[in-house]
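Below is one structure, written out as structure tokens; comments come after it.
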Amino acid sequence: MIECMNTQPYISIVVTARNDNHGGNLLHRIQIFVNGILAQSEKYQLKAELIIVEWNPLPDKPGLAQALSWPVQHNFCTVRIIEVPSEIHGRYRHAERLPLYQMIGKNVGIRRSHGHFVLATNIDILFSNELFAFLASNKMMKGKSYRVNRYDVSSDIPLEASIDEQLTFCNENVIRIYDRYGIHNLKIDNYIETYPHDVDVNPDFVNSVGITPLYTNASGDFQLMAREHWHSLLGYPEFDMYSFHLDSVLCYMAHHSGAVEEILREPMRIYHIEHTSGFIPEEADKLENRLKHDNIRRLTDEELRMLATKMSKDKRPIIFNDDNWGLAADQLNEKIILQARWDNQSRTNKVSSEEKEQTSGLNIHTLEHPVVSIIITTRQDGLHYIKNCVESVLLQNYPNIECIVQDSGSAKETVELLERYGNRIKWVLAPSSDGGEKLSEAIRKCTGDIIGICNCSDELLLNAVQWTVQHFSRHPGIGAIYGEYYVIDDQGRILKKAMPGPISYNYERVLCVEDTIPMQSAFFRRSALDQADLFKNTWLPARCKDFAIWVRLGIRTQISYIPGIISKHRQYVGSDVSKPDTWHDIYNTKKEVLERFFKETAVPQHLKSLRYRALGGLALYIAGVFLEDFSDPFTAMKYICLARNEQPDTDHLNYMGKRIQLWTSWLLKFYQQGDNLFYEKRYEEALTIFDSLTVLDYWISGIQYSKAMCLFQLDRINDALFALEKELTLRPNHEDALKLLQRICVKLK
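Just so we're aligned, residue 111 is where the sequence shown starts under this note's numbering, counting upward by one.
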């Protein structure tokens, strides 16, 4: 047994992954795995570190640090993410067809682990409470190689359930059981034997196959030894091939190095979440065929047997790697996502040479870690997401952050949530004031040299503040910078690749609403905001404050685009901007901002001459929103008519006009196609078209009537009546609709 020192984890849990949706619903499975370890390490007070090796991350998807949810703090588990970049991945022979080298990735984490014991596992695993209690019992011993049974379970594990509820679900939804002797499929009552059940008392079996029978079944999901054993073996074999059987090879290496196999008995077990790409014994041929198709090597059964036989004959392990195992010679980026309370002192007292090197190229302001103030503005429709937003700020990999929430009196539940953060956040309560006054007051509360502003439904990526400080340090003459962002849905899933603002900043185009800058990806120097006198006596609207800021700031300071994705902007059903009426208000508010700006005496004459172009650009901007976001070419056309009355940019106007033309032309052709199908008595196909067009029934006459005609011919009378009711509500005197209603009434009699 080993007593854990205060500053060293008792166990390191190592996995490797990348955000590529491998096997389907990948982030769901990883989140369950992470949540389980955090919950159980707290429950059993196990000093642990979770090391996630992010292998070959995708450039157009967020890293795991950003894609997963993390608590603000944790008492018992430190979480580290180590990145193996695509450049290193590209060294390997099958790099294009094999996106992740699982065992080499695990070696990266094992080589850099700190625990007395190291558990190599996978990202879709839950541990039974009995197993986790053993891990925390201080009963593990050097000289042992621990193994445990694996239970495959349904993938429908509820994410929001407690760990005990999830484990109950697992017990009730078992698909297969992997034990030392074989695989039992409970659904079809089929058993695939690996070793005979009497292998432990059958010397003839050992003699006949020439190897010691070890528990190699699904071994890659749970291989636990003292850290020194892993290092003496130099980790898993780092073969340039698919990882199949490499975990089994390690079982034999450990055994013949003197680590005695110990099988942890029931009810100690692991639960493996079923997924489409995992090895399924009933479909082994599929994996084999895929590897052959991609010309990717794997260790064959015969090759495994030969290696095991040689180690058994020689009575010593084969060591396959050299001293560079686990990419020891490569400098890899590492992020500390969570730092356990027991881990704080050790990291505070140690500054690695690598950390010193990373800061050596920055100027004195970066080395002093200037205070960065992040203001979170609240909106009633976005309060559901405020926890994600606050934690994205508090989890920044930067040491000197001030988080300010400006609020107008939220619901009781939101207040209770924010109160849990204590003095980690500041509140600005202004229940009677409008949005502009609240933001001004929040700015006045800031103590930071650098200020960022984001909405409560948005999130910052983990490195956003560090990125900002570094670039302000490198460009002392710039007053504001902005980067790029992801568009996410209400579940946090990425809908679009990084969306930049204008890559080449041009103040005139911003003023004329031809370019828009993403506020959630922007940061300001406090001095620039003060110079623009934005938050003292200057009017700010309740809506569109960001536009007012960019208009006023742009004539007083230098603004620059810096490449880099630093935030996530959430689009969700029910949001304020998902309602058409909101965009009419936005038009009126931005118009007021522009009119006030152009009346100011301090505005240069060459900018005042842009007034009509700006008003025209605003109308075209709103037209584009109605066209793209609401599929409403008719309202878009109204705003284009408003733009024509001003002096918009000619190219911009012509572009919008062509888009409207294409839209209306396509709609009419689509509608005509539905009519043709109806007259050909292909009612089901015609109904599909008319049904898809009903979102436009306010503007295109007769869509609901055409739908009702199809439904009547298909004898779906009640549905036809419902469609007719909609049509007659919009157009009470539609004669054909009234005639159809009479026919339906006669049929019903």
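Yeah, the Cβ is synthetic: ideal placement off N, Cα and C, and Gly gets one too.
Remember, predicted model here, so these are calculated numbers, not experimental data.
What would DSSP say about residue i, mapped onto helix, strand or coil?
{"i": "L596", "result": "The sequence shown places Tyr at residue 596, rather than the Leu named in the question. Strand, per DSSP."}
{"i": "K606", "result": "strand"}
{"i": "L858", "result": "helix"}
{"i": "T699", "result": "helix"}
{"i": "T458", "result": "Unreliable placement is indicated for T458, whose pLDDT of 39 sits below 50; no coordinate value is reported for it."}
{"i": "V735", "result": "helix"}
{"i": "F279", "result": "helix"}
{"i": "L409", "result": "coil"}
{"i": "R128", "result": "coil"}
{"i": "G146", "result": "helix"}
{"i": "S179", "result": "coil"}
{"i": "S741", "result": "coil"}
{"i": "M416", "result": "helix"}
{"i": "G436", "result": "coil"}
{"i": "R723", "result": "helix"}
{"i": "N843", "result": "coil"}
{"i": "T711", "result": "coil"}
{"i": "R826", "result": "coil"}
{"i": "L797", "result": "helix"}
{"i": "S255", "result": "strand"}
{"i": "I613", "result": "coil"}
{"i": "Q506", "result": "coil"}
Please classify residue i: is it buried, with 16 or more other beta-carbons within 10 angstroms of its beta-carbon, or exposed?
{"i": "I298", "result": "exposed"}
{"i": "D691", "result": "exposed"}
{"i": "S272", "result": "exposed"}
{"i": "R139", "result": "buried"}
{"i": "P758", "result": "buried"}
{"i": "M251", "result": "exposed"}
{"i": "E197", "result": "exposed"}
{"i": "I675", "result": "buried"}
{"i": "T839", "result": "exposed"}
{"i": "D404", "result": "exposed"}
{"i": "G812", "result": "buried"}
{"i": "G587", "result": "exposed"}
{"i": "E164", "result": "buried"}
{"i": "K425", "result": "exposed"}
{"i": "E464", "result": "Below a pLDDT of 50, predicted positions are generally treated as unreliable, and E464, at 33, falls in that range; the measurement from the model is reported next regardless. Result: exposed."}
{"i": "G784", "result": "buried"}
Going by CA-CA distance only, name the one from the options that's closest to residue i.
{"i": "E412", "options": "K420, N405 and Q580", "result": "K420"}
{"i": "L663", "options": "N565, A847, S685 and M629", "result": "M629"}
{"i": "G602", "options": "H694, G611, S550 and N498", "result": "N498"}
{"i": "L797", "options": "L824, L778, C751 and S811", "result": "L824"}
{"i": "A439", "options": "V194, R530 and R257", "result": "V194"}
{"i": "Y305", "options": "Y291, F186 and F822", "result": "Y291"}
{"i": "C751", "options": "G726, E738 and S502", "result": "G726"}
{"i": "N217", "options": "V597, F430 and A552", "result": "F430"}
{"i": "Q333", "options": "I591, G146 and I220", "result": "I220"}
{"i": "V856", "options": "V597, H844, P842 and L831", "result": "L831"}
{"i": "Q814", "options": "R826, L236, E837 and E794", "result": "E837"}
{"i": "G436", "options": "S677, H382, F349 and I486", "result": "F349"}
{"i": "Q155", "options": "P119, L174 and P181", "result": "P119"}
Is it the case that the Cβ atoms of residue i and residue j are separated by a distance below 8 angstroms?
{"i": "A833", "j": "K817", "result": "yes"}
{"i": "S631", "j": "T557", "result": "no"}
{"i": "I142", "j": "I161", "result": "no"}
{"i": "T667", "j": "A638", "result": "yes"}
{"i": "C566", "j": "L493", "result": "yes"}
{"i": "S353", "j": "T326", "result": "no"}
{"i": "F244", "j": "L374", "result": "yes"}
{"i": "R379", "j": "V258", "result": "yes"}
{"i": "N573", "j": "N507", "result": "yes"}
{"i": "A369", "j": "R260", "result": "no"}
{"i": "W693", "j": "I659", "result": "no"}
{"i": "Q681", "j": "D599", "result": "yes"}
{"i": "I233", "j": "A158", "result": "no"}
{"i": "Y346", "j": "M213", "result": "yes"}
{"i": "S238", "j": "I383", "result": "no"}
{"i": "S719", "j": "D568", "result": "no"}
{"i": "D695", "j": "R653", "result": "yes"}
With respect to 7 angstroms, is the separation between the Cβ of residue i and the closest non-hydrogen atom of the ligand NAP below this value?
{"i": "Y682", "result": "For the structure depicted, the ligand NAP is absent and the ligand set is empty, with no information on it obtainable."}
key: Within the segment 355-391, ranges of the alpha helix (DSSP H) (whole runs, at least 4 residues)   = Counting only unbroken stretches of 4 or more residues, the alpha helix (DSSP H) elements lying wholly within the segment 355-391 are 356-366, in sequence order.
task = Can you check the segment 197-253 for any beta strand (DSSP E) of at least 3 residues that lies completely inside it and give the ranges in chain order?
result = Whole beta strand (DSSP E) segments, 3+ residues: 227-230 and 235-237.
Complete alpha helix (DSSP H) runs within the segment 625-697 (minimum length 4 residues, chain order) = Complete alpha helix (DSSP H) runs here, min 4: 636-641 and 655-663.
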